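The numbering of the sequence shown is this note's numbering, which starts it at 3 and goes up by one. First up is the structure itself, then whatever we jot down about it.
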Amino acid sequence: MDGSDSLRLMRPMVMHEGCVKCHSHLGFKVGNIRGEVSISMPLAPYKTATEQSLRSLVISHTLLSDRRC
Numbered sequence: 003m004d005g006s007d008s009l010r011l012m013r014p015m016v017m018h019e020g021c022v023k024c025h026s027h028l029g030f031k032v033g034n035i036r037g038e039v040s041i042s043m044p045l046a047p048y049k050t051a052t053e054q055s056l057r058s059l060v061i062s063h064t065l066l067s068d069r070r071c
């Protein structure tokens with residue numbers, strides 16, 4: 003992406019029987035990998051949410067531990 007942290011999922015596009023009906027002239031057979039599907043998404047929003055949750059947990063646990071003494 004733009005150099006920031008991101009999560010990327012890649013999956014192969016595998017030839018199936020239905021694909022071969024139209025694309026057999028290209029030399030591909032059932033089971034061959036024809037390409038890939040790739041999805042990338044930035045992690046920044048998830049990092050922000052995680053940091054906020056962690057901050058809330060630390061504060062709440064600190065307050066609860068102070069009440070025990």
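Glycine included, C-beta positions come from ideal geometry on N, C-alpha and C. Just so we're clear, the structure is a prediction, and the values are computed from it rather than from any experiment.
Quiz item: Taking buried to mean at least 16 other C-beta atoms within 10 Å of its own C-beta, is M15 buried or exposed?
Solution: exposed
Quiz item: With distances taken between CB atoms, is the gap from M43 to L66 smaller than 8 Å?
Solution: no
Quiz item: Which stretch, first to last residue, makes up the beta strand (DSSP E) that contains V39?
Solution: 35-44
Quiz prompt | Secondary structure of V16, DSSP reduced to three states | solution = strand
Quiz item: Between E38 and S6, what straight-line distance do the alpha-carbon atoms span, to the nearest angstrom?
Solution: 23 Å
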